[in-house]
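Heads up, the sequence shown stops at 542 in this note's numbering, and the numbers go up one at a time, no gaps. Worksheet: the structure to be examined is printed underneath.
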Amino acid sequence: MASQGSPGHAEQAKPARRSVTGDAKIKYTKKLLREVVLKREQDSTSSRNTSNHDNTTTMELQDAQKLVLSYMNEAADQFQKVPGSAMLIRQNFVTLSEEEIDDLVDEWTPEPLVAPLTTFEENVQEKLPVIVGMSGPKSKLANGRTVTNLASYNYYNLVANEHIKDKAIETLRTYGVGPCGPPQFYGTQDVHMKTEADVASHLGTEACIVYAQSFSTISSVIPAFSKRGDIIVADKACNYAIRKGLQICRSTIRWYEHNDMEDLERVLQRVVKEQSRKPLTRRFIVTEGLFETVGDCVDLPKVVELRLRYKFRLILDETWSFGVLGRTGRGVTEAQNVDSSSVDMIVGSLSGPLCAGGGFCAGSVDIVEHQRISAAAYTFSAALPAMMATTASEALNMLQTMPEILTGCRENIKAMRAQLDPRSDWITVTSAVDNPMVLCVLKPDVVNTRRLSTSDQERVLQECVDECLANGVLITRLKAMPVAPSSTAKEQGWQLQPALKVCVTTGLTKKETEKAGVVIRHAVTKVMTRKANSKLGVPAAA
Numbered sequence: 001m002a003s004q005g006s007p008g009h010a011e012q013a014k015p016a017r018r019s020v021t022g023d024a025k026i027k028y029t030k031k032l033l034r035e036v037v038l039k040r041e042q043d044s045t046s047s048r049n050t051s052n053h054d055n056t057t058t059m060e061l062q063d064a065q066k067l068v069l070s071y072m073n074e075a076a077d078q079f080q081k082v083p084g085s086a087m088l089i090r091q092n093f094v095t096l097s098e099e100e101i102d103d104l105v106d107e108w109t110p111e112p113l114v115a116p117l118t119t120f121e122e123n124v125q126e127k128l129p130v131i132v133g134m135s136g137p138k139s140k141l142a143n144g145r146t147v148t149n150l151a152s153y154n155y156y157n158l159v160a161n162e163h164i165k166d167k168a169i170e171t172l173r174t175y176g177v178g179p180c181g182p183p184q185f186y187g188t189q190d191v192h193m194k195t196e197a198d199v200a201s202h203l204g205t206e207a208c209i210v211y212a213q214s215f216s217t218i219s220s221v222i223p224a225f226s227k228r229g230d231i232i233v234a235d236k237a238c239n240y241a242i243r244k245g246l247q248i249c250r251s252t253i254r255w256y257e258h259n260d261m262e263d264l265e266r267v268l269q270r271v272v273k274e275q276s277r278k279p280l281t282r283r284f285i286v287t288e289g290l291f292e293t294v295g296d297c298v299d300l301p302k303v304v305e306l307r308l309r310y311k312f313r314l315i316l317d318e319t320w321s322f323g324v325l326g327r328t329g330r331g332v333t334e335a336q337n338v339d340s341s342s343v344d345m346i347v348g349s350l351s352g353p354l355c356a357g358g359g360f361c362a363g364s365v366d367i368v369e370h371q372r373i374s375a376a377a378y379t380f381s382a383a384l385p386a387m388m389a390t391t392a393s394e395a396l397n398m399l400q401t402m403p404e405i406l407t408g409c410r411e412n413i414k415a416m417r418a419q420l421d422p423r424s425d426w427i428t429v430t431s432a433v434d435n436p437m438v439l440c441v442l443k444p445d446v447v448n449t450r451r452l453s454t455s456d457q458e459r460v461l462q463e464c465v466d467e468c469l470a471n472g473v474l475i476t477r478l479k480a481m482p483v484a485p486s487s488t489a490k491e492q493g494w495q496l497q498p499a500l501k502v503c504v505t506t507g508l509t510k511k512e513t514e515k516a517g518v519v520i521r522h523a524v525t526k527v528m529t530r531k532a533n534s535k536l537g538v539p540a541a542a
């Protein structure tokens, strides 16, 4: 048996005390109400001291109402503590028989998490090449062939750098594989803090925060600052990660035509005019440095000028330009001679050219510290593995001390473009001159003359990819991500143009790069010639 001081005895005693207290409250409430009624009867027969009696009656009525209300609240609280009380409440609203429940279960059809694959997508997946071993400029496939790999973001071949390898192994033996915890608890290590300081110093900003995933960085930064009721003006060609951030934040989105500074100014003017008589809200401009879907570069000086004139904050996504543009790879700010302090938030990736992992957001101290408790991908994700942080720091140091690495890559970019754009009758390059991710789209006259739809272009370009692989060159193509179901018709109006994606690397010599470019050009010509008399259309006039 439980003793008098045991928890079991205390739990049995509590209901008794509650019932006594409840009975006392009821008796006192009835007594008080009886007295109130008697006083009101006396007040109706007496004409003297009317005001005094009214005040007393009002006060006593209020006391009685408070007691009754408190008793009802206590009864409701005690009922909610009873196990299964919520189910009893729900049963009062909907009562279904077992047969009805079985019928509803049989009729329910779950919706798929993703759309089913089309026949074309299934065929593409079946033919995907598999790389065995380390991925480099020359990669070995599962079928035993060795191909020239132009489908990797290993622009500077840092994957094969022995110094970075040794540093990564040393860090792995010191810290282990992963921190196994979020940064705000016990996931942050000294190497993470060093990487943040290195990125901030490289960009010339006050502070920096490092995320564990590159994709989740921009899609977490936007909702951390922009909420419902705020306004975001964004480029129509923004990548999928940015669009997810815009969808999550639930702010009011205004789109402007891709890289059209005149249209951007018109949109900013319209927003300022619309909001002139409304409560003050936060306003942002969101754009990319190098656009993932087009490959061209933003006019950053003009964007900064407009954002200062109309008092907007600027979020610049340099996922594809950090480590690529500028003399030391600082990105668009260095390439276009713009002070980094003119940009409120610079978002970038530590993967790709740096061959590490994760992402970052650089800016003022206040902006960085706000994200440590407000950015979902930082707060609710495990920290970046220590060896990835060390790899990023070492790669940044190499870009700063050996800028000739970037120069060599740009020479190969020129060699590749020389074999594609001016010499091909079928494709044109949309990427910026210094962009190592060369995007090749079918020329407008080819598309119009042959009446090629978007799906037709995707199939033609996939055949070009297969033809290149058959000739020993591995490339890929730009694939469109699905548009958010809740997006507006104006947002869905941006149509991604299918393109071949060719990633140039310094791991190849200039002659090897030119040879690969010739293979790509000939593959496109062969496929388009073969399609000349097909259902896709008639060939263009010579």
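All C-beta atoms, glycine included, are put in the ideal place defined by N, C-alpha and C. Just so you know, these numbers come straight off a predicted model, no measurement behind them.
For residue j and residue i, believed in contact at Cβ under 8 Å, the rounded distance
i: P305; j: V298; result: Correcting the residue identity first, residue 305 is Glu in this sequence and not Pro. No, E305 and V298 are not in contact; Cβ-Cβ is about 13 Å, not under 8 Å.
i: C355; j: V159; result: 5 Å
i: A415; j: E265; result: Actually they do not touch by this definition, with Cβ atoms about 38 Å apart.
i: K501; j: R477; result: 6 Å
i: I253; j: A234; result: 6 Å
i: N412; j: T506; result: 6 Å
i: V199; j: T171; result: The Cβ separation is near 17 Å, so there is no contact.
i: S381; j: P182; result: 6 Å
i: L384; j: G358; result: 4 Å
i: I373; j: Y156; result: With 8 Å as the limit, I373 and Y156 do not qualify as a contact, their Cβ atoms being about 36 Å apart.
i: S349; j: F322; result: 7 Å
Nearest to residue i (by Cα), restricted to the options the options
i: C361; options: V460, S214, T407; result: S214
i: I367; options: F225, K311, R277; result: F225
i: T195; options: E394, K526, G408; result: E394
i: S220; options: V365, K526, A516, D317; result: D317
i: W426; options: A532, K311, S455; result: A532
i: A389; options: K311, D166, Q269, V210; result: V210
i: A142; options: C180, L128, N154; result: L128
i: F291; options: E74, V518, P436; result: P436
i: S135; options: L474, V519, A523; result: L474
i: G329; options: N259, D434, L246, W255; result: D434
i: V124; options: S342, L508, D466; result: D466
i: T188; options: A207, D166, A212; result: A212
i: M261; options: Y310, Y175, V303; result: V303
i: S201; options: T174, L113, S364; result: S364
Buried or exposed by the 16-neighbour rule on C-beta atoms within 10 Å, applied to residue i
i: K244; result: buried
i: W108; result: exposed
i: D106; result: exposed
i: R48; result: Per-residue confidence for R48 stands at a pLDDT of 49, beneath the threshold of 50, marking its modelled position as unreliable; the derived number appears in the next sentence. With fewer than 16 other Cβ atoms within 10 Å, it is exposed.
i: T529; result: exposed
i: E122; result: exposed
i: A115; result: exposed
i: H9; result: In this prediction, H9 has a pLDDT of 44, which is less than 50 and means its spatial position is unreliable; nothing more can be read from the coordinates.
i: M345; result: buried
i: Q4; result: Low per-residue confidence applies at Q4: pLDDT is 44, beneath 50, and the placement is therefore not dependable enough to give any value.
i: S139; result: buried
i: Y423; result: The amino acid at residue 423 is misidentified as Tyr; the sequence shows Arg. Under this definition R423 is an exposed residue.
i: C464; result: buried
i: N239; result: buried
i: E274; result: exposed
i: T319; result: buried
i: A2; result: Only weak support exists for where A2 lies, its pLDDT of 42 falling under 50; the value from the coordinates is given anyway. Under this definition A2 is an exposed residue.
i: P137; result: buried
Beta-carbon gap between residue i and residue j smaller than 8 Å
i: I222; j: C249; result: yes
i: V429; j: R417; result: yes
i: V447; j: Q462; result: no
i: M398; j: A168; result: no
i: R459; j: F185; result: no
i: G295; j: S431; result: yes
i: T146; j: A516; result: no
i: F284; j: I315; result: yes
i: S340; j: G204; result: yes
i: T391; j: I131; result: no
i: V267; j: P301; result: no
i: A480; j: V441; result: no
i: I231; j: V286; result: no
i: S216; j: A377; result: yes
i: L104; j: T293; result: no
Chain C within 8 Å of residue i, Cβ atoms only
i: L452; result: Absent from the structure: chain C. Only one protein chain is present.
Cβ-heavy atom distance, residue i to the ligand ATP, below 7 Å
i: V267; result: Judged by which ligands are present, the structure shown has none, so any question about the ligand ATP falls away.
In chain order, which beta strand (DSSP E) runs of at least 3 residues are fully inside the stretch 167-246? 207-211, 231-235
Quick check on the DSSP output: what are the complete alpha helix (DSSP H) runs of length 4 or more inside the stretch 275-330, in order along the chain? 300-309
Can you list the beta strand (DSSP E) stretches of 3 or more residues lying completely in the stretch 87-143, in chain order? 138-141
Extract the residue ranges of the alpha helix (DSSP H) inside the stretch 444-509, only unbroken runs of 4 or more that lie entirely within it. 444-450, 454-470, 489-492
Only counting runs of 3 or more residues, tell me where the beta strand (DSSP E) segments fall wholly within the stretch 350-380, in order along the chain. 359-363
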